[in-house]
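Engineer:
2 protein chains.
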Amino acid sequence: MELGHMNVTGDCKTVTGVLSRIGDKWSVQVVVQLGQGPRRFNELRRIIGDISQRMLTLTLRGLERDGLVTRTVYPTIPPRVEYKLTELGCSLLMTVRGLGDWARQHHHEIAEARRRYDQGASEGEADAA
Amino acid sequence: MELGHMNVTGDCKTVTGVLSRIGDKWSVQVVVQLGQGPRRFNELRRIIGDISQRMLTLTLRGLERDGLVTRTVYPTIPPRVEYKLTELGCSLLMTVRGLGDWARQHHHEIAEARRRYDQGASEGEADAA
DNA sequence: CTGAATCCGTAACGATACTG
DNA sequence: CAGTATCGTTACGGATTCAG
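Residue numbers (the numbering used here), protein chains in the order written: chain A, 5 to 133; chain B, 5 to 133.
#1: Under 8 Å, Cβ to Cβ, is there at least one residue of chain A near residue 111 of chain B?
#2: Note down the Cα distance separating residue 122 of chain A from residue 112 of chain A, rounded to an integer number of angstroms.
#3: Should residue 33 of chain B go down as buried or exposed, given a rule of 16 or more other Cβ atoms within 10 Å for buried?
#4: Whole angstroms are fine: how far does the CA of residue 77 of chain B sit from the CA of residue 84 of chain B?
#5: Quick check on residue 18 of chain A: does DSSP put it in helix, strand or coil?
#6: Going straight from the alpha carbon of residue 75 of chain A to that of residue 86 of chain A, what length do you get?
#7: By how many angstroms is the C-alpha of residue 124 of chain A removed from the C-alpha of residue 130 of chain A?
#8: Could you name the residues of the same chain whose beta carbon sits closer than 8 Å to that of residue 72 of chain A, not counting the 5 residues immediately before and after it, in chain order?
#9: Using a 10 Å radius around the Cβ and a threshold of 16 neighbouring Cβ atoms, would you call residue 21 of chain A buried or exposed?
#10: Using beta carbons (cut-off 8 Å, strictly below), is residue 124 of chain A in contact with chain B?
#11: Since residue 55 of chain A meets chain B, which of its residues come closer than 7 Å, beta carbon to beta carbon?
#12: Quickly, what does DSSP pair residue 86 of chain B with across the bridge? List them, please.
#13: Can you tell me whether residue 93 of chain B is helix, strand or coil according to DSSP?
#14: Does the beta-carbon of residue 31 of chain A have 16 or more other beta-carbons within 10 angstroms, so that it is buried, or is it exposed?
#15: For residue 55 of chain A, which three-state DSSP category applies?
#16: Determine whether the beta carbon atoms of residue 27 of chain A and residue 64 of chain B lie at a separation below 8 Å.
#17: Can you list the residues of chain A that residue 99 of chain B reaches, using a CB-CB cut of under 7 Å?
#18: If the cut is a Cβ gap below 8 Å, which residues of chain A does residue 68 of chain B touch?
#19: For the region 46–61 of chain B and the region 98–112 of chain B, state whether three or more C-beta atom pairs, one from each stretch, are separated by less than 8 Å.
#20: Between residue 93 of chain B and chain A, is any beta-carbon pair separated by less than 8 Å?
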């Protein structure tokens with residue numbers, strides 16, 4: 005089964021770059037939540053739950069920097085800041101959903117493979133086929 | 005454009021888990037290269053180029069643990085070890101290619117957005133216009 | 001050739017305190 | 001409410017060395 009339909013070397017580096025960007029601990033969660041509609045800072049914080057304010061700030065900034073999210077400040081008192089997915093962010097969301105589909109379809113297989121691997125490792129190699 | 009066709013909260017955590025797995029610095033590159041066909045250890049090392057021996061080992065182990073790659077040892081002298089994508093690994097490769105498509109289509113936009121963002125930030129303190 | 005083990009620097013992350 | 005600053009801990013990754 006060969007799939008050499010394009011430049012693999014150049015391809016993988018681009019993909020790696022994207023994954024370096026969204027492969028961190030929080031970016032995807034933020035993007036997915038923002039896919040539900042615009043959200044405020046503490047609203048996101050509450051929904052995601054585990055994230056620290058620092059990481060939410062950093063994540064949002066990174067997303068904003070890459071043009072995936074817009075940040076709108078309403079100069080009211082108290083201040084109100086709304087984050088929203090851009091067109092680019094929406095298109096990423098689509099792709100991420102594809103990955104989500106794969107994850108949901110196969111995470112059991114992964115879990116099982118992992119369990120078997122760990123089990124075999126702890127048993128040593130006394131066992132043969 | 006709303007896309008609330010599924011449980012978003014549960015979804016994003018699963019995706020995050022997968023991204024935590026393949027979102028590291030090397031896994032995708034290895035998977036993509038293995039998509040070209042089975043490869044030996046130092047063969048991968050040479051093709052990828054930048055990767056250290058340690059990281060290649062760790063990456064391969066992780067991939068093997070998750071059932072994405074098989075490791076076959078030929079007890080010859082010198083020893084020969086071949087790595088190969090499993091069915092699961094192949095299916096992941098497909099999904100990753102989707103991400104690669106997105107990356108190739110939009111990495112210019114990202115780069116530009118990033119440049120604009122950084123430029124605007126540096127102009128903040130000093131008035132340029 | 002393949003890979004494990006060790007040491008070390010850096011970057012990522014989290015908790016807390018403070019500002020506008 | 002939204003965000004910054006600082007600090008400490010941990011995880012990641014690279015170079016080197018040793019072993020089968």
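All C-beta atoms, glycine included, are put in the ideal place defined by N, C-alpha and C.
Structural biologist: Once the coordinates are examined:
#1: As a first step, residue 111 of chain B is located in the second sequence; it is residue number 107 there, counting from the start. Cβ-Cβ to chain A under 8 Å: yes for residue 111 of chain B.
#2: Here residue 122 of chain A refers to the residue found at position 118 when the first sequence is read from its first residue. Here residue 112 of chain A refers to the residue found at position 108 when the first sequence is read from its first residue. Distance between the alpha carbons of residue 122 of chain A and residue 112 of chain A: 15 Å.
#3: Taking the second sequence and counting its residues from 1, one reaches residue 33 of chain B at position 29. Counting the other CB atoms within 10 Å of its CB gives residue 33 of chain B a total of 16 or more, which places it among the buried residues.
#4: Here residue 84 of chain B refers to the residue found at position 80 of the second sequence. Here residue 77 of chain B refers to the residue found at position 73 of the second sequence. Those two C-alpha atoms are separated by around 6 Å.
#5: The residue you call residue 18 of chain A lines up with position 14 of the first sequence. The three-state reading of DSSP puts residue 18 of chain A in helix, counting H, G and I together.
#6: For this step, residue 75 of chain A is matched to residue 71 along the first sequence. For this step, residue 86 of chain A is matched to residue 82 along the first sequence. Their backbone Cα atoms lie some 6 Å apart in a straight line.
#7: Along the first sequence, read from residue 1 onward, the residue named residue 130 of chain A stands at position 126. Along the first sequence, read from residue 1 onward, the residue named residue 124 of chain A stands at position 120. Caution is warranted here: a pLDDT of 46 is assigned to residue 130 of chain A, below 50, making its placement in the model unreliable, and no coordinate value can be reported.
#8: For the purposes of this step, residue 72 of chain A is taken as residue 68 along the first sequence, with counting starting at 1. Within the same chain, residue 72 of chain A has close Cβ partners 35, 89, 90, 92, 93, 96.
#9: Reading the first sequence from its first residue, position 17 is the one you call residue 21 of chain A. It is exposed - the Cβ of residue 21 of chain A has fewer than 16 other Cβ atoms within 10 Å.
#10: What you label residue 124 of chain A is simply residue 120 of the first sequence in a count that begins at 1. It does not; no Cβ of chain B falls within 8 Å.
#11: Walking along the first sequence from the start, residue 55 of chain A turns up at place 51. Taking the beta carbon of residue 55 of chain A as reference, no residue of chain B falls within 7 Å; the closest one sits roughly 11 Å away.
#12: Locating residue 86 of chain B in the second sequence gives position 82, where the first residue counts as 1. Bridge partners of residue 86 of chain B: B:44, B:76.
#13: For the purposes of this step, residue 93 of chain B is taken as the residue at position 89 of the second sequence. Helix.
#14: Translated into positions along the first sequence, residue 31 of chain A becomes position 27. Under this definition residue 31 of chain A is a buried residue.
#15: Counting from one through the first sequence, the residue named residue 55 of chain A turns up at place 51. The answer is coil: DSSP assigns residue 55 of chain A none of H, G, I, E or B.
#16: Against the first sequence, residue 27 of chain A aligns to sequence position 23. Against the second sequence, residue 64 of chain B aligns to sequence position 60. Note that the C-beta distance between residue 27 of chain A and residue 64 of chain B is not below 8 Å.
#17: Locating residue 99 of chain B in the second sequence gives position 95, where the first residue counts as 1. Simply 102, 103, 106.
#18: What you label residue 68 of chain B is simply residue 64 of the second sequence in a count that begins at 1. 121, listed in chain order.
#19: Taking 8 Å as the limit for Cβ pairs, the verdict is that the region 98–112 of chain B does not touch the region 46–61 of chain B.
#20: Residue 93 of chain B sits at position 89 when you count from the first residue of the second sequence. No, its Cβ sits nowhere closer than 8 Å to a Cβ of chain A.
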